[in-house]
Structure formats: structure tokens, C-alpha cells
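The structure under discussion appears below in the form of C-alpha cells.
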Amino acid sequence: MSADQRLLAAQVIAFLLNLTTAHPACYPRKATHNCYYFCEDFTSAQDFAMIDRYDARNCKNFVLKDSSLDRLPSNAFAGTSASTLHFSNVTVDAYGDQQENASSPFDALKDSLRKLIFSDQPRALDSWSLLRGLDMLETLLLLNVREVNLTADFNTLPQSVKEIQILGAHVDRVDQDWLAKLYGLNAVMVKETNLGSISRSMLPRPAPSLMIVDLADNSLTSLPEDLTIDMPVLRELDVGYNKITTLQESTLAPLKRNRGFVRMTGNPMTCDCRLAFLLTYPKRWNYYLCANPLSLVTRSIQSLTEAELCGEVSGPGLSDDVTGLSSSEP
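Numbering-wise, the sequence shown is residues -22 to -1, 1 to 308 according to mature numbering (1 follows the signal peptide of the UniProt record, and there is no 0).
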């Protein structure tokens, strides 16, 4: 290959690399009823200077995606007025400017932000106290955030927060007072995680506005008897597709009183006398097929009688019984 050919080949390679290398960019996208302002491939605080603040201010949805930043500057969202802020595949090492007492980057949205979303990334925020000034914030969504700690730091969120959703996360740490001080919540959803237990103390008590508790597709093996106590308006409880084997009437009775709905399908339930109370509960609830004892496997509990349920406790299927009762006990 001649020198000219080598030079040409090098120029072609450089051109192709330039085409495939991501460059920081911002642009608006308008839908029928919404405007989205996207920024992508940011690698430094200086990249935020390319935001067209006029365009961004006229879009209620701001999306930062596919970015890796050493620092999210304090003025990152200054001059914008997003009601929804979405971080998608974004990593940030530090928040705010380097000087002491620097303001949170989220403070610029304190009069407008209602929904905050983190999706498809290793983690969300190191501390939720960064959001304490967002008095309009109502919804926090963590979607496919790989590492989430259910810590008491969530209680530093503003009292305006009404809904918290965590879907598709690996839960590394759980504090027993996780959301204990967020009395304005009306929906809590933790789904498709490795969460193995839940306690009443993790939720506010009382929870005067809590209407929905969704704990589906986790690894729960039981529910506390007092889980739904002091939840006067609770209307929906979803514990489907966990590893729960039995339930207490005290857990479900408040939903019966409130004419609510319970979903329990997909759990390996033991159909015995402890669950006979369910025969008097709403038929429209989403029940389950018995996993134990063997004589009742694949039967729906709603198709059984109290005699069938309670007969198994003292009958031949004693090896399948998990009540701990002897055959002479009622």
C-alpha cells in the first residue's frame, strides 16, 4: 500500500469513527398534546450550555438520556419549566456545583416539577434530600434501576409526594421506617424485585390517603397481620406472584369493609382451615389455585367448602399441613 493509499484509508477510518461516535445534542419533539425536550450523550457539565432554554421552557417534558456525568451542575435546568423530568440511562457522580452550600440542580424546577422518573440505569440518587425543595412533586418512578435501597432517606422527600413506584429493581437494603413519614401517599408500588419481606412500620401510620399497595412479583413469603391497619381508604392490594403460603383475615378484612379489591394469584397457597374465611369474601377478588395439600392441588379456593378446607387439617394429608396442629385439635 502506497503512502497516499494509507493516508486515504486513515481518513476513511477517521470519518467512519466520527459517524459512530456519539455527540452531545438537544432537540424538541412535539406530539399531539405534548412537547418533549431531549438531551443526550452528555459527558460534562459544560454540555448543559447547549440547551435552548426557550425551547425547553415551552416543553413540559424534559428527558436526559444516555449520558455519563461527573457532576450535574446547579444550573442544569435553570430557565426551564418541566412538569416531568426523566433520566434514562444516566449516571451522575455528584449533584450541584463544587462550592460549599451549592444549591440542588432540582431546585430550579421547584415551581413546576410534578413527576420524576429514573429508568434503565445503575442507580438513582444518592440521597432523596436533593428533592426536598420540590413542593409540587407528586410522583416518583424508578423503572429498571438496578440498585435501589429502601431506606429511611425516602422520608426526606417533600410531603407533596403521592405516588412511589419501583419496578424491576434489585433491593440491597431495607429500613423498617422506609416511608413512615410520608403521610400524603396514596399509592405505593414495589414490583418485580427481590423484596423478601414487608412490615407495617415501612409505611406511614396512619396512612389517611393510601388507596393502593401493589407488591406483586416479588419474593414475599408472608404478609404481616397488621399490614392494612390504619389505612382507612385502602381499595387495592396486589400481592400476586410472590411466595406466600397463607394469609390472615386481619390483613384482608379492611379491604372487604372498603369494598376494595385483592389480587393473590400466583402464590403457592396451602388450602387449609386457616383460609376458610375467604369463602365469605368477595367472589370478584382474584384468588389462586391451591398448591397444597396434594388432594386439593389446582383447585380454586372459591370452589371448595369449609368442610373440605378444614377436613384436611385432621385428615390423612397431615404431612402437608403447616399449621402445627395435632390431629386431635379442631
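Virtual Cβ for every residue (Gly too), placed ideally from N, Cα, C.
Note that the structure is predicted; figures quoted are calculated from it, not measured.
Reference residue i; option with closest CA among the options
i: Ala165; options: Leu173, Leu215 and Pro202; result: Leu215
i: Glu227; options: Pro246, Leu257 and Asn245; result: Leu257
i: Phe26; options: Asn12, Lys38, Gly57 and Ser187; result: Gly57
i: Val275; options: Pro100, Ala23 and Cys249; result: Cys249
i: Ile176; options: Arg124, Leu160, Gly162 and Asn196; result: Asn196
i: Trp156; options: Ile95, Cys4, Leu128 and Gln77; result: Leu128
i: Ala194; options: Tyr5, Asn172 and Ser179; result: Asn172
i: Ala3; options: Gln24, Asn12 and Ala9; result: Gln24
i: Asn12; options: Lys38, Pro232, Asp30 and Phe55; result: Lys38
i: Phe96; options: Ser90, Thr69, Asn53 and Lys8; result: Thr69
i: Ala9; options: Lys93, Asn36, Gly238 and Ala269; result: Asn36
i: residue 375; options: Asn79, Tyr5, Asp89 and Met180; result: No answer is possible for residue 375: the residues shown for the chain start at -22 and end at 308.
i: Ile279; options: Arg237, Pro232, Leu233 and Leu225; result: Leu225
i: Gln77; options: Pro51, Asp89 and Gly174; result: Pro51
Alpha-carbon spacing of residue i relative to residue j, whole angstroms
i: Ser281; j: Leu267; result: 10 Å
i: Ile207; j: Asn220; result: 21 Å
i: Trp106; j: Ala60; result: 19 Å
i: Thr21; j: Gly74; result: 15 Å
i: Glu286; j: Phe255; result: 13 Å
i: Leu42; j: Lys261; result: 46 Å
i: Leu91; j: Cys251; result: 51 Å
i: Phe40; j: Cys288; result: 58 Å
i: Asn236; j: Leu272; result: 34 Å
Beta-carbon proximity of residue i to residue j, cut-off 8 Å
i: Asp98; j: Asn122; result: yes
i: Phe132; j: Leu108; result: no
i: Val211; j: Met189; result: yes
i: Tyr15; j: Asp33; result: yes
i: Met167; j: Asp192; result: yes
i: Val240; j: Leu230; result: yes
i: Thr223; j: Pro202; result: no
i: Ala158; j: Leu120; result: no
i: Asp153; j: Ala130; result: yes
i: Pro100; j: Leu115; result: no
i: Asp44; j: Asn67; result: yes
For residue j and residue i, believed in contact at Cβ under 8 Å, the rounded distance
i: Leu63; j: Leu87; result: 7 Å
i: Leu145; j: Lys169; result: 5 Å
i: Asp48; j: Asp71; result: 5 Å
i: Val126; j: Ala102; result: 7 Å
i: Leu160; j: Pro182; result: 6 Å
i: Asn264; j: Met242; result: 7 Å
i: residue 309; j: Leu112; result: Look at the range of the chain in this structure, -22 to 308, and you will see that residue 309 is not part of it.
Collapsed DSSP secondary structure at residue i in the structure displayed
i: Gln99; result: strand
i: Gln143; result: strand
i: Asp44; result: strand
i: Glu227; result: helix
i: Met114; result: coil
i: Asp150; result: strand
i: Asn127; result: strand
i: Thr258; result: helix
i: residue 320; result: This structure leaves residue 320 out entirely; the chain is present only between -22 and 308.
i: Gly289; result: helix
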